[in-house]
Amino acid sequence: AQSVSQHNHHVILSEAASLELGCNYSYGGTVNLFWYVQYPGQHLQLLLKYFSGDPLVKGIKGFEAEFIKSKFSFNLRKPSVQWSDTAEYFCAVRDNAGNMLTFGGGTRLMVKP
Amino acid sequence: DAGVTQSPTHLIKTRGQQVTLRCSPKSGHDTVSWYQQALGQGPQFIFQYYEEEERQRGNFPDRFSGHQFPNYSSELNVNALLLGDSALYLCASRTTGERETQYFGPGTRLLVL
Chain U
31 AQSVSQHNHH VILSEAASLE LGCNYSYGGT VNLFWYVQYP GQHLQLLLKY FSGDPLVKGI
91 KGFEAEFIKS KFSFNLRKPS VQWSDTAEYF CAVRDNAGNM LTFGGGTRLM VKP
Chain C
5 DAGVTQSPTH LIKTRGQQVT LRCSPKSGHD TVSWYQQALG QGPQFIFQYY EEEERQRGNF
65 PDRFSGHQFP NYSSELNVNA LLLGDSALYL CASRTTGERE TQYFGPGTRL LVL
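Just so you know, the sequences run in chain order U and C.
All residue numbers for the first sequence refer to the numbering used here, where the first residue is 31 and numbers rise by one.
All residue numbers for the second sequence refer to the numbering used here, where the first residue is 5 and numbers rise by one.
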């Protein structure tokens, strides 16, 4: 069975600080990896995804993530956060059959202006 | 182009009652998945429907059932409600295919008293 761990439950940063949110997954086969964001009062939106190829993927709003297969990790990064990045971030994995997403517990990010 | 829509937005029920939640997928999508997101947690996969049949099911009891209609819309039914069923219920849709991304609706917030 797949599982996803997000080690940081709450992160507080000041504007312009750099961000890195950790995500580790457990699955023996080929996976697709995702980061979703949930802004306050809004629905889950896709930030970025990795299926294959270049392990460094770029998403919307300046976010990027790096897939490190040997570490089973898919960490999310942003060089300089903004107050509008305040949200909850979810890492998710999907097996190659593509039927279900397994989510981590989420990281709540607060950016202080 | 409308995204994934869900109804109702909020619902209050009492223990033992039954509830039906509805989802209309994004235009062009034929696969619908349902997720339960308890407060402070990541979404958990309930089941997925494709071609009007349940294709995969997560670790949820038989009290949770669903249906997909010929127009690809879907219903989630929960019988004999428990307090622990209080959560945000998310619908996600996608087209069939390994590399397709799921798009989430705004959810239905269910409170069981």
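Note that CB positions come from ideal geometry on N, CA and C, so glycine has one too.
Note that the structure is predicted; figures quoted are calculated from it, not measured.
- The count of Cβ pairs closer than 8 Å, one atom from the stretch 39-51 of chain U and one from the stretch 7-18 of chain C, stays below three, leaving the stretches out of contact.
- Taking a Cβ-Cβ threshold of 7 Å, the residues of chain U close to C/Thr105 are Leu76 and Lys79, in chain order.
- Taking 8 Å as the cut-off, the beta carbon of U/Lys108 is found no closer than this to the beta carbon of U/Phe120.
- The beta carbon of U/Leu74 is closer than 6 Å to those of Tyr66 and Gln68 in its chain, skipping five residues each way along the sequence.
- Looking from the CA of C/Gln48, the closest CA among C/Thr105, C/Ser31, C/Cys95 and C/Gln72 belongs to C/Cys95.
- In this structure, DSSP gives C/Leu80 an extended state, which the three-state scheme calls strand.
- When the five nearest sequence neighbours on each side are left out, the beta carbons in the same chain lying within less than 7 Å of the beta carbon of C/Gln72 are those of Val36, Tyr53, Glu56 and Ser78, in order along the chain.
- Bounds of the beta strand (DSSP E) holding U/Lys142 are Thr137 to Lys142.
- For chain U, none of the residues of the stretch 19-33 of chain C brings a beta carbon within less than 7 Å of one of its beta carbons.
- Take the alpha-carbon of U/Ser114 and the one of C/Ala84: they are about 41 Å apart.
- Excluding the 5 residues flanking it on each side, C/Asp89 has same chain C-beta neighbours closer than 7 Å at Val82, Leu114 and Val116, in chain order.
- In chain order, Leu63, Val87 and Phe97 place their CB closer than 6 Å to the CB of U/Tyr80, counting only its own chain and leaving out the 5 sequence neighbours on each side.
- Each residue's CA atom was taken as its position, placing U/Arg138 and U/His40 some 5 Å apart.
- Using beta-carbon distances, U/His73 counts as an interface residue toward chain C, with a partner under 8 Å.
- At a C-beta separation below 7 Å, C/Gly109 has these neighbours in chain U: His73.
- The Cβ atoms of C/Tyr93 and C/Thr105 do not sit closer than 8 Å to each other.
- Collapsing the DSSP output to three states places U/Lys101 in a helix.
- Under the Cβ criterion of 8 Å, U/Met140 is not counted among the residues facing chain C.
- C/Leu15 carries a strand assignment under DSSP once its states are collapsed to helix, strand and coil.
- Per the C-alpha coordinates, the member of C/Leu87, C/Glu58 and C/Lys30 positioned closest to C/Thr18 is C/Leu87.
- Between U/Pro143 and the set U/Glu118, U/Ser110 and U/Arg124, the nearest pair of CA atoms involves U/Ser110.
- The CB of C/Pro47 comes closer than 7 Å to the CB of Phe133 in chain U, given here in chain order.
- Taken in chain order, the members of the stretch 101-125 of chain U whose beta-carbon sits within less than 7 Å of a beta-carbon on chain C are Phe120.
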